[in-house]
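In what follows, a structure is listed as structure tokens, so that the remarks can point back to it.
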Amino acid sequence: MIEQPALPLGVWQLLDILAVAFILYQLYRLTRGTAAIRIFLGVLAIYLVYQIVDALQMRMLAEILGQFIGVGVIALLIVFQQELRQFLLLIGNRQWVQHAPRWLQKWMGRDAQGTPTEAAWSELQSGLEECRRRKLGALVVIPKDADPGTVATGWKQVDAVTSAALVVALFEKSSPLHDGAMCLDAQRIRWAGGILPVSGRLDLPAQCGTRHRAAVGISEQTDAVVVVISEETGGLSIAHEGRLETGQSLQRLPVLIESALRTVPTPAEAAAESD
């Protein structure tokens with residue numbers, strides 16, 4: 663028995679395998695729990711059948727499947743456009759991009775919206791606490807870099823200093839804007855009444871209503887952190903990067919959101935870490 667010589671595996675071939683594995687893993691993370699994963703598995707099954715049919719020289723069937731696969735790239739771009747958008751957003755939010763020179767970040771359109779100040783946090787907390795007490799549903803979008811106005815509709819400009827009274831007034835059931843989302847930036851409430859894209863994820867808890875699915879939906883398509891107050895239970899949830907964390911504490915809200923929004927530490931933070 664003649665032994666076949668082992669194929670040499672160079673550094674570049676190893677990097678190639680690792681890169682493909684990383685991309686497939688990230689795509690799996692984005693499509694897990696959605697209908698897209700079923701479509702992906704269906705396409706993969708067709709491709710495997712095509713390889714088997716081609717190896718068995720079943721020419722007519724191989725020709726039909728070959729034509730189908732020939733336009734598969736365009737079809738995948740159409741079917742998975744939301745997942746591809748989220749994948750590119752995931753790459754754009756990596757640390758190497760966030761630590762890029764300021765001129766490069768500006769050229770890429772990464773103009774930070776600004777995290778809310780301590781005074782804004784205090785007012786937001788007070789307003790949300792009142793919403794919880796009165797069982798008023800609330801949906802608050804806090805962007806990091808991406809503008810949520812590009813993926814949501816129906817925004818009504820407010821541009822007012824953040825106050826607890828205004829937060830409660832916007833989500834009052836008698837308010838024409840209470841069913842929409844509010845967008846908070848630094849010290850001001852920018853917009854209200856926003857209609858957010860609803861997530862199609864299949865792995866969300868059964869008790870999640872439209873408000874929670876909208877929070878996950880906007881967090882899938884932008885880098886925003888979204889705060890949700892349930893109208894039925896008064897429970898507080900946070901959505902970020904397509905993940906929904908329920909049962910959160912209102913007292914820890916600033917810490918949780920600032921942790922998600924933080925990109926590059928300030929000079930004072932960097933000096934404190936080095937000490």
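Under the working numbering, the final residue of the sequence shown carries the number 937; numbering is consecutive throughout. Every residue, glycine too, gets a C-beta built ideally from N, C-alpha and C. Fair warning: this is a prediction, and the values are worked out from it, not measured in the lab.
Below 8 Å on the Cβ atoms is my contact criterion, and I expect residue i with residue j to pass it. Report the Cβ-Cβ distance as a whole number of Å.
i, j, result
"V741", "I701", "6 Å"
"V889", "I880", "With a Cβ gap of about 12 Å, V889 and I880 do not count as contacting."
"E834", "L798", "7 Å"
"Y808", "A876", "Looking at the sequence shown, residue 808 is not Tyr but Ala. Wrong, their Cβ atoms sit about 16 Å apart, outside the cutoff."
"L858", "A843", "5 Å"
"R850", "V823", "6 Å"
"E785", "A848", "Between A848 and E785 the Cβ distance is about 12 Å, and since that is not below 8 Å, they are no contact."
"P810", "V803", "5 Å"
"I900", "E907", "5 Å"
"L629", "V715", "Any question about residue 629 goes unanswered here, given that the chain covers just 663 to 937."
"G856", "A814", "5 Å"
"Q743", "L915", "Q743 to L915, Cβ: 33 Å. No contact."
Exposed or buried, what is residue i when buried is set at 16 or more other beta-carbons lying within 10 Å of its beta-carbon?
i, result
"T895", "exposed"
"W853", "buried"
"S836", "exposed"
"R721", "exposed"
"V878", "buried"
"S921", "exposed"
"E725", "exposed"
"A782", "buried"
"Q883", "buried"
"E780", "exposed"
"H840", "buried"
"G789", "buried"
"L676", "exposed"
"I736", "exposed"
"V891", "First, the residue type needs correcting, since residue 891 is Ile and not Val in the sequence shown. Burial call: buried."
"L710", "exposed"
"L718", "exposed"
"L727", "buried"
Taking the alpha helix (DSSP H) that residue i falls in, what are its first and last residues?
i, result
"E882", "T872 to Q883"
"A826", "A826 to F833"
"M722", "R721 to G732"
"R795", "E780 to R795"
Along the chain, where does the beta strand (DSSP E) that runs through residue i open and close?
i, result
"W817", "Per DSSP, W817 belongs to no beta strand (DSSP E) and is neither H nor E."
"H902", "L898 to H902"
"E907", "R905 to E907"
"I857", "No beta strand (DSSP E) contains I857, which DSSP labels as neither H nor E."
"D847", "A843 to D847"
"K800", "Note on residue identity: the sequence assigns Ala, not Lys, to residue 800. Run containing A800: A800 to I804, per the beta strand (DSSP E) assignment."
Between the options, which lies nearest to residue i when the distance is taken from Cα to Cα?
i, options, result
"G897", "G904, S911, E903 and T884", "S911"
"L801", "E780, R905, V830 and D809", "V830"
"M793", "L723, D821, A781 and L832", "A small fix is needed here, since residue 793 is Cys in this sequence, not Met. Cα-wise, what sits closest to C793 is L832."
"S861", "H902, A822 and L828", "H902"
"V705", "L677, T884, G734 and E725", "G734"
"R905", "L915, S784, H874 and A868", "H874"
"K806", "G672, I919, L746 and Q688", "I919"
"S817", "L723, C845, I714 and I891", "The question names Ser, yet the displayed sequence has Trp at residue 817. That would be C845, whose Cα lies nearest to the Cα of W817."
"I731", "Q713, L718, R747 and Q743", "Q713"
"R747", "Q729, L689 and E791", "L689"
Does the distance between the C-beta of residue i and the nearest non-hydrogen atom of the ligand MN fall short of 7 Å?
i, result
"W674", "The model on display carries no ligand, and the ligand MN is accordingly not part of it."
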